[in-house]
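*Asks:*
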Amino acid sequence: MHGHLVTIEIGVERSADEWVQANRLTLDQHRIERLNAEAVQRGGAVQQHRVVLDEAQAIKNPVTKRSKAVARLAADFKIALTGTPVENHLGELWSLFNFLNPGLLGSLKRFNETYAIPIERFQDRERRNQLKRLIQPFI
628 MHGHLVTIEI GVERSADEWV QANRLTLDQH RIERLNAEAV QRGGAVQQHR VVLDEAQAIK
688 NPVTKRSKAV ARLAADFKIA LTGTPVENHL GELWSLFNFL NPGLLGSLKR FNETYAIPIE
748 RFQDRERRNQ LKRLIQPFI
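Numbering (my numbering), first residue to last: 628 to 766.
(1) Can you tell me the Cβ-Cβ gap for leucine 761 and isoleucine 746, rounded? I've got them flagged as a contact below 8 Å.
(2) Helix, strand or coil, according to DSSP, for arginine 699 in the structure here?
(3) Under a three-way DSSP split, which group does glutamine 750 fall into?
(4) Rounding to the nearest angstrom, what Cα-Cα distance links arginine 748 and lysine 687 in this structure?
(5) What did DSSP end up calling aspartate 720 once you bin it into helix, strand or coil?
(6) Taking only three categories from DSSP, how would you classify isoleucine 706?
(7) Is there at least one Cβ from chain B nearer than 8 Å to asparagine 688's Cβ?
(8) If you drop the 5 nearest sequence neighbours on each side, which residues of the same chain put their C-beta closer than 6 Å to that of isoleucine 766?
(9) Give me, in chain order, the residues of the same chain whose beta-carbon lies closer than 7 Å to that of leucine 732; leave out the 5 immediate sequence neighbours on both sides.
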């Protein structure tokens, strides 16, 4: 790779390929959806070596464009930084892990059936402990 060590881009128009090839580290809060839309049109995903997602609470709703776009980021290493991983319900946790380690928690439907409903509605301690053991190595 070549280019700048750090590039901060806001509002610069480039194709996804130009953007990825030109930068080692790019800080940009508005480009993810557009880059992924371009990549999906080409039948792929935006490939990065590392993705660090700051303010990761922005992807806690799995049906938003941003969450869907971030989930399609392919990378060898991913990290999500947030001070509020779960505020309202366990589906937020699923969305973060869908980015970090897709498939670990299963589909959203399966996650809800296996963990969210038993824990949130019935205070199932056994399921809560199972979930805790499953995600603990990543927290």
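Cβ coordinates follow ideal geometry from the N, Cα and C atoms, glycine included.
Just so you know, these numbers come straight off a predicted model, no measurement behind them.
*Replies:* Let me spell this out:
(1) With 8 Å as the limit, leucine 761 and isoleucine 746 do not qualify as a contact, their Cβ atoms being about 12 Å apart.
(2) coil
(3) coil
(4) Spanning the alpha carbons of arginine 748 and lysine 687 requires a straight line of approximately 20 Å.
(5) According to the sequence displayed, residue 720 carries leucine and not aspartate. Residue state, collapsed to three classes: helix.
(6) Here isoleucine 706 sits in strand by DSSP.
(7) Of the protein chains in this structure there is only one, and it is not chain B.
(8) Contacts found: none.
(9) These residues qualify, in order along the chain: Trp721, Phe724, Phe738.
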